[in-house]
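Before any comments, here is the structure.
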Ligand code: MF3
Ligand code: CO
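Okay, structure coming up:
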């Protein structure tokens, strides 16, 4: 069942999303060669606390951290760690903010120091892919239209779309209905309605779409160890079209 949100609920989630966006903007300045994702983790915990919010991921299904920090070939759910980032790395920071009980979820991939032209292209295409999905998020369209737009674009650029992790409804808890794959067929799946709130979070790989799981039970990496990038927004379907609740502008 897809729970529709009232305007008031969407507004509360928007406030949560604005705080999340400001946290991303603040932490982006810390991502330099020599920094660690453990420092980012501590920064985020502190930032949210200072602003009266909570890191919803911490304790969720046994996950122990406020952030996921996925480096280079890691697709998602990497653990924050104390090893130093180096120039040429990319790192995806993902978090869920709980502000006055309202949740928002956004991931962003950052480059560390100087990355290759091809890595820059991977990041650019992944971000564009997210916005192609958002463009399709209008009432009357179907879930499949989102994934189709993302997949067509990303594969057209020579990259691949991760299948094992998908976008999701969000509300009372991090994951609710509907499922939002970043691949698929147009005009298939649930019809989009005003009041739906979900994430779109394409994970786009330089090589194979296939993922392998780490022994820690959480982290996934690309099967060929090539880089993977991700951009994620929480969006609401409104009568005026898609509203990006975690917009950084
Ligand atoms: N933020 C993640 C998402 O985009 C959820 C992370 S699951 C957690 O779906 F357990 F790590 F919190
Ligand atoms: Co997320």
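Numbering (this note's numbering), first residue to last: 3 to 251.
Each residue gets a CB set at the ideal place from its N, CA and C atoms; glycine is no exception.
Please check the pair residue i and residue j, which I expect to be a contact at CB under 8 Å, by giving their CB distance rounded to whole angstroms.
i	j	result
residue 135	residue 145	Incorrect: roughly 10 Å between the Cβ atoms, too far for contact.
residue 15	residue 132	Going by Cβ atoms, the distance from residue 15 to residue 132 rounds to 18 Å, so no, they are not a contact pair.
residue 7	residue 173	6 Å
residue 188	residue 150	4 Å
residue 168	residue 183	5 Å
Buried or exposed for residue i, please, with buried defined as at least 16 other CB atoms from any protein chain shown within 10 angstroms of its CB.
i	result
residue 156	buried
residue 251	exposed
residue 34	exposed
residue 216	exposed
residue 61	exposed
residue 143	buried
residue 75	buried
residue 3	exposed
residue 191	buried
residue 9	exposed
residue 186	buried
residue 139	buried
Per DSSP, what are the beta-bridge partners of residue i in this structure?
i	result
residue 110	95
residue 101	104
residue 246	237
residue 38	86
residue 224	213
residue 56	100
residue 126	Per DSSP, none; premise fails for residue 126.
residue 199	238
residue 71	95
Cα-Cα, which of the options is closest to residue i?
i	options	result
residue 113	243, 54, 36, 213	36
residue 97	19, 197, 163	19
residue 79	166, 154, 90, 187	166
residue 95	214, 81, 185	81
residue 46	171, 71, 213, 241	71
residue 99	246, 22, 202	22
residue 110	29, 41, 150	29
residue 158	118, 90, 128	128
residue 219	54, 65, 92	65
residue 5	200, 169, 43, 185	200
residue 44	160, 101, 83	83
residue 115	92, 186, 171	92
residue 170	198, 162, 153	198
residue 246	85, 137, 75	137
residue 25	241, 196, 101, 168	101
residue 107	244, 242, 236	236
residue 40	69, 9, 75	69
residue 177	38, 154, 59, 31	59
query: Is the number of C-beta pairs between the stretch 224-235 and the stretch 193-209 that are closer than 8 Å three or more?
result: Yes: at least three Cβ pairs fall under 8 Å.
field: Validate contact between the stretch 230-247 and the stretch 124-142 using beta carbons, cut 8 Å, 3 pairs
entry: Yes: at least three Cβ pairs fall under 8 Å.
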